[in-house]
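Student: In order, the protein sequences belong to chains A and B. Residue numbering for the first sequence follows numbering that gives the first Met the number 0, starting at 0 and increasing by one per position. Residue numbering for the second sequence follows numbering that gives the first Met the number 0, starting at 0 and increasing by one per position. A virtual CB, placed ideally from N, CA and C, is assigned to each residue, including glycine. Every value quoted in this text rests on a predicted model; they were computed, and no experiment measured them. A single structure is presented below for examination.
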Amino acid sequence: MPCTPHEHLCSRRAWLGATAAASFAASLGPFGAHAVAEQAQRKSKQVLFIWIDGGMSQLESWDPKPHTRFGGPLRAIPTSVPGIHFSELVPRTAKLMEHLAVVRSLCTKDNSHSAGVARIQRGDPKNRGVTYPYFGSAVAKLLGPGESGLPPYIWIKPGSGGFIHQDAGLLGPKNGALAFGDGQPPENLLRPDTIAETYDAERQELRALLNQRYASQHRPTASEANSYVYDMAHALMKRQDLFDATRLDPRDVERYGSHDLGRHMLQARNMLEAGVTFVKVNSYGWDTHHDNFNAHMSLMPKFDQAFAAIIEDLAARSMLDNVLVIALSEFGRTPRINGAAGRDHWPEAWSAIMAGAGLRKGLVVGKTNDEGTFVDSEPFDIGHMFHTWFTALGIDPHKTEYNNHGQPLPIAHDNCRAVEELLA
Amino acid sequence: MNTQTLAEQFTPKQITTIEADPQVLKLRYSPDGNTLAAACCDARIRRWDVTSDQWKELSPIQGHHGWTQAIEFSADGRTLYSGDSWGELRAWALDADEPQPRWTVPQAHDGWLREMALSPDGKTLATCGADKTIRLWATADGSPQAAWQDKDNEDLYIVRYSPDGTMLVAGDRKGYVWQWEVASGKLVRKLDASLLYKYDRIQDVGGVFSLAFDAQGEQLAVGGNKPKNGATIQGIPTLLLYNFATGELAHTHELGETKDCDVMDIHLHAAGFFLAAISGGPGQGKVVLMRGGDAEPFFTETKIANVHSLAMHPSGKRFVVSGTNKGSNGNGRRLNKEGEYPNNTSPIHLFALSE
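Given below as structure tokens:
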């Protein structure tokens, strides 16, 4: 799926080749040196997208309302930035507020998981009868794989893995997510010892030949995706160290936590260090309609531990300048506490936390009213966030378009804009 | 007394219901049975004169933060002890119309003070909390007497004294009941009720939500749920009856389906049966009366949703339970007729046992 010239990207080969910058610029035609510089800036950008599936409570995390009607039992604690308070359940993250930005005025549309998960991750674009890509597929397409040669969109999740082509939407299946179930590599990644290297190379040649023949007779999207999966497997075969738990520093394992989220976040750090463009980490089980407070007292400390550890590490490695970190759910949770001591789904006024890639640090954007029931400032939909995130990544959402078989499509909602307060 | 006799003599009849706004977390009768206190989600403690069936509301007790969940009357009924989710412990003098603090411990626990129990001699108050610690306080002045914790015990949800006052038991988040000898402070036993716990994804689900002794201290009832999953929790409400002397599990009672969930409060009646308050998912809940060892309850009330607390009148002839209003849950913007975003409430239901 080609894009418009604005976001034509340097291929890895072009980037790594010995071609002089001038001739490279000339190859880009009228966009010239400016485009090269812009693309160079884009090249170094990466994303860590932490998906808290089910709905983290904003009141038990980034927007506490202690001792109010709907505030619940927990206290608020100060962060490292004077005047900003978080729930007592995130003490480690609170100490890192100088690196972070919080939006407390998200007001989105869907109060069901089935609609919300997709709409939030697709940026809720206007309905034009096409399926928009998830943010991971979009960024992977627009920024490309970078210098690492590794798959540009990796998803580390509990449960099973595989190639999740559905995320790609209109971009075509090739731009889907490579999911590592429980952080494990794809099965049978290694070449068996019984197959010699030369024989394996011959097999790969034959496969490529057959693929070409198949592709010439079929729609390109499926065959491209099929070939792409093999190419990714080859790339990963060279980086098996990324899956080798014995190589991890035990101190890191302890800092991130031995639970799923900690292990997966540590692996995400290593993937980012290896140069993967977009890494998504999922945590499931946050739909706390029942026993919300004990649930968050169990869940949030694990999130806090892993999130604070990766922010610390990205900051210490000077990676936070280029890595955009986002943590959010499909919605927040109701201020009203139901009969089961739970909180239900609440898209009306909720929060997301983010950092890096040039976002301003140490600030809260937007506010809710004293009881946390509704937004008490300009409300931001997920489209605003997509504009903001694309801009932070060096992708101009006003100039960059998808090309859907000749139909130009904006990459973010036409009626939204970037949240300027977040952009440095 | 056999089950049929129990059913004939103790099948409850509902007498009255009053609304309490907001939700009630704990109910307790004063020792003379004339006052009912309700610890609430807005940190207040509401009180009613219940000497007649027309309850008269007394001035509430205010000054706590977060949620007030733990309350106990002193043996003479002149003091009410209370603890909140921000860790503060207070004693209130009830002599005047407007209760005044006798003493305050601002940071009795680091975080949620979840429950308390009064020693049988009335001299010591035991509290437990999210800081995984049992703490003992002199009721006279709130001075700290002891603090106990095992390296392995988790967030302690509930604490109770044995009737002779020699032992303290506390139930934790992972389904263990820890038993300390009061005189020595020595941990003497850990009862394994971990079927009331499950680690699901990255969530600790369940735990010991309720504990109760019978009057002789021969039986210890342990309540919670047998969890199937976390998040929107599903689990079978389960009550375990232990022989307290031997620590042997005598009976396991599953009191509902997975939607019914948690045994939140228990009372072991002198006549040889137990009452259990059960809160399930939103809108689910019931009150169960049953003889230990029987296959079925002799009474089940299912019209009351999300029953969080149960208090037996000192006479043993009446009890109250707090539920939750209908329609307490719902996704998204749900406003009332006035266009306001409403709070939930707790109807308090008074029952008479038909002896």
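(1) Can you tell me whether DSSP reads glycine 205 of chain B as helix, strand or coil?
(2) Between the segment 241–252 of chain B and the segment 296–310 of chain A, do at least 3 Cβ pairs fall closer than 8 Å?
(3) Identify which residue in A:Phe242, A:Leu319, A:Arg262, A:Leu188 has its Cα closest to the Cα of glycine 357 of chain A.
(4) Between B:Asp120, B:Phe318, B:Lys197, B:Arg332, which has its C-alpha nearest tyrosine 28 of chain B's C-alpha?
(5) Given that cysteine 260 of chain B touches chain A, what residues does it touch there, using C-beta distances under 9 Å?
(6) Residues bridged to glutamine 233 of chain B by DSSP?
(7) Might you give, ordered along the chain, the residues of its own chain that have their beta carbon closer than 7 Å to the beta carbon of aspartate 213 of chain B, omitting 5 neighbours on each side?
(8) Under 9 Å, do alanine 38 of chain B and serine 81 of chain B count as touching if we go by C-beta distance?
(9) I'd like to know whether the C-beta of isoleucine 336 of chain A is nearer than 9 Å to at least one C-beta of chain B.
(10) CB aspartate 154 of chain B to CB arginine 172 of chain B, shorter than 9 Å?
(11) Quick check on DSSP: helix, strand or coil for glutamate 7 of chain B?
(12) Is methionine 353 of chain A helix, strand or coil by DSSP?
(13) Which full runs of the alpha helix (DSSP H) of 4+ residues lie inside the segment 241–272 of chain A, going along the chain?
(14) Is it the case that the segment 88–98 of chain A contacts the segment 61–78 of chain A, given that we only count it when at least three CB pairs across the two stretches are under 8 Å?
(15) Considering only the alpha carbon of each residue, which of B:Ala19, B:Ala169, B:Gly205 lies closest to tyrosine 196 of chain B?
(16) Could you check which residue in B:Tyr175, B:Trp47, B:Asp199, B:Gly222 has the C-alpha nearest to that of leucine 190 of chain B?
(17) Should arginine 46 of chain B go down as buried or exposed, given a rule of 16 or more other Cβ atoms within 10 Å for buried?
(18) Pick from A:Pro81, A:Met236, A:Pro72: whose alpha carbon is nearest that of glutamate 196 of chain A?
(19) Taking only beta-carbon atoms, is glycine 53 of chain A less than 9 Å away from chain B?
(20) Just the chain B side, please: which residues come within less than 7 Å of proline 72 of chain A by C-beta, in chain order?
(21) At 8 Å on the CB atoms, spell out the chain B contacts of aspartate 259 of chain A, in chain order.
(22) Please list the partners that cysteine 40 of chain B has in chain A, where partner means a Cβ-to-Cβ separation under 7 Å.
(23) I'd like to check one pair, serine 222 of chain A with tyrosine 213 of chain A: are the Cβ atoms closer than 9 Å?
(24) With distances taken from CA atoms, which of A:Ala137, A:Pro249, A:Gly145, A:Leu362 is nearest glutamine 165 of chain A?
(25) For threonine 301 of chain B, decide whether its Cβ has a neighbour in chain A, counting only Cβ atoms nearer than 9 Å.
(26) Where do the N-terminal and C-terminal ends of the beta strand (DSSP E) with serine 81 of chain B fall, by residue?
(27) Tell me the rounded alpha-carbon separation between glycine 160 of chain A and glutamine 183 of chain A.
(28) Taking glycine 171 of chain A as the reference, which of A:Leu408, A:Cys415, A:Gly382, A:Asn403 has the closest Cα?
(29) Do you know how far the Cα of alanine 232 of chain A is from the Cα of leucine 188 of chain A?
(30) Under three-state DSSP, which class holds alanine 314 of chain A?
(31) Taking the beta strand (DSSP E) that asparagine 281 of chain A falls in, what are its first and last residues?
(32) Take isoleucine 310 of chain A and list the residues in its own chain whose beta-carbon comes closer than 8 Å to its own, dropping the five residues that flank it on each side.
(33) Determine the extent of the beta strand (DSSP E) in which glycine 170 of chain B is found, giving its start and end residues.
(34) For leucine 235 of chain A, name the three-state secondary structure that DSSP assigns.
(35) By the 8 Å beta-carbon criterion, what residues does the segment 292–312 of chain A contribute toward chain B?
(36) Which two residues bound the contiguous beta strand (DSSP E) that contains lysine 197 of chain B?
Tutor: In short:
(1) Locating residue 205 of chain B in the second sequence gives position 206, counting from the first residue. DSSP places glycine 205 of chain B in strand when its eight states are reduced to three.
(2) no
(3) As a first step, residue 357 of chain A is located in the first sequence; it is residue number 358 there, counting from the start. For glycine 357 of chain A, the nearest C-alpha among the options comes from A:Leu319.
(4) Within the second sequence, numbered from 1, the residue matching residue 28 of chain B stands at position 29. The residue with the shortest Cα to Cα distance from tyrosine 28 of chain B is B:Phe318.
(5) Counting from 1 along the second sequence, the entry for residue 260 of chain B is found at position 261. Result: His289, Asp290, Ala339.
(6) In the second sequence, residue 233 of chain B corresponds to position 234, counting from 1. Answer is B:Asn228.
(7) Walking along the second sequence from the start, residue 213 of chain B turns up at place 214. The answer, listed in chain order, is Leu267.
(8) Taking the first residue of the second sequence as 1, we reach residue 38 of chain B at position 39. Taking the first residue of the second sequence as 1, we reach residue 81 of chain B at position 82. It is a contact, given that the beta carbons lie within the stated cut-off.
(9) The sequence position of residue 336 of chain A within the first sequence is 337, counting from 1. Chain B, which has a Cβ nearer than 9 Å to the Cβ of isoleucine 336 of chain A, makes this yes.
(10) Reading the second sequence from its first residue, position 155 is the one you call residue 154 of chain B. Reading the second sequence from its first residue, position 173 is the one you call residue 172 of chain B. The answer is yes: Cβ separation under 9 Å.
(11) Residue 7 of chain B sits at position 8 when you count from the first residue of the second sequence. Three-state DSSP puts glutamate 7 of chain B in a helix.
(12) Numbered from 1 along the first sequence, position 354 holds the residue referred to as residue 353 of chain A. Strand at methionine 353 of chain A.
(13) 249–255
(14) yes
(15) Counting from one through the second sequence, the residue named residue 196 of chain B turns up at place 197. If we check each option's Cα against that of tyrosine 196 of chain B, B:Gly205 comes out closest.
(16) The residue given as residue 190 of chain B occupies position 191 in the second sequence. The option with the nearest alpha carbon to leucine 190 of chain B is B:Tyr175.
(17) Translated into the one-based positions of the second sequence, residue 46 of chain B becomes position 47. Arginine 46 of chain B should be labelled buried.
(18) Taking the first sequence and counting its residues from 1, the one referred to as residue 196 of chain A is at position 197. When each option's Cα is compared against that of glutamate 196 of chain A, the closest is A:Met236.
(19) Residue mapping note: residue 53 of chain A aligns to position 54 of the first sequence, counting from 1. For glycine 53 of chain A, the answer is yes, since a Cβ of chain B falls inside 9 Å of its Cβ.
(20) Here residue 72 of chain A is taken as the residue at index 73 of the first sequence, counted from 1. Within chain B, the residues near proline 72 of chain A are Gly65, Trp66, Ser84, Trp111.
(21) The count along the first sequence starts at 1 and reaches residue 259 of chain A at position 260. Correct list: Arg200, Ile201.
(22) Position 41 of the second sequence holds residue 40 of chain B. Result: Ile336.
(23) Residue mapping note: residue 213 of chain A aligns to position 214 of the first sequence, counting from 1. Residue mapping note: residue 222 of chain A aligns to position 223 of the first sequence, counting from 1. Yes, they are a contact pair.
(24) The sequence position of residue 165 of chain A within the first sequence is 166, counting from 1. Considering only alpha carbons, the answer is A:Ala137.
(25) Position 302 of the second sequence, counted from the start, is the residue given in the question as residue 301 of chain B. No, its Cβ sits nowhere closer than 9 Å to a Cβ of chain A.
(26) Here residue 81 of chain B refers to the residue found at position 82 of the second sequence. Element bounds for serine 81 of chain B: 78–83.
(27) In the first sequence, the residue the question calls residue 160 of chain A occupies position 161. In the first sequence, the residue the question calls residue 183 of chain A occupies position 184. In a straight line, the C-alpha of glycine 160 of chain A is about 8 Å away from that of glutamine 183 of chain A.
(28) Taking the first sequence and counting its residues from 1, one reaches residue 171 of chain A at position 172. Looking at the Cα atoms, A:Asn403 is the closest of the given residues.
(29) By 1-based counting over the first sequence, the position of residue 188 of chain A is 189. By 1-based counting over the first sequence, the position of residue 232 of chain A is 233. Using only the alpha carbons, I get a separation of about 7 Å.
(30) Taking the first residue of the first sequence as position 1, residue 314 of chain A is located at position 315. Alanine 314 of chain A: helix per DSSP, three-state reduction.
(31) Along the first sequence, read from residue 1 onward, the residue named residue 281 of chain A stands at position 282. Taken as a continuous stretch (DSSP letters only), the beta strand (DSSP E) holding asparagine 281 of chain A covers 277–282.
(32) Numbered from 1 along the first sequence, position 311 holds the residue referred to as residue 310 of chain A. Cβ within range, chain order: Thr92, Leu95, His98, Leu99, Leu319, Val324, Ala354.
(33) As a position in the second sequence, residue 170 of chain B is number 171, starting the count at 1. Run containing glycine 170 of chain B: 166–171, per the beta strand (DSSP E) assignment.
(34) Counting from 1 along the first sequence, the entry for residue 235 of chain A is found at position 236. Three-state result, leucine 235 of chain A: helix.
(35) Asn293, Ala294, Met296, Ser297, Leu298, Lys301
(36) Residue 197 of chain B sits at position 198 when you count from the first residue of the second sequence. Element bounds for lysine 197 of chain B: 196–199.
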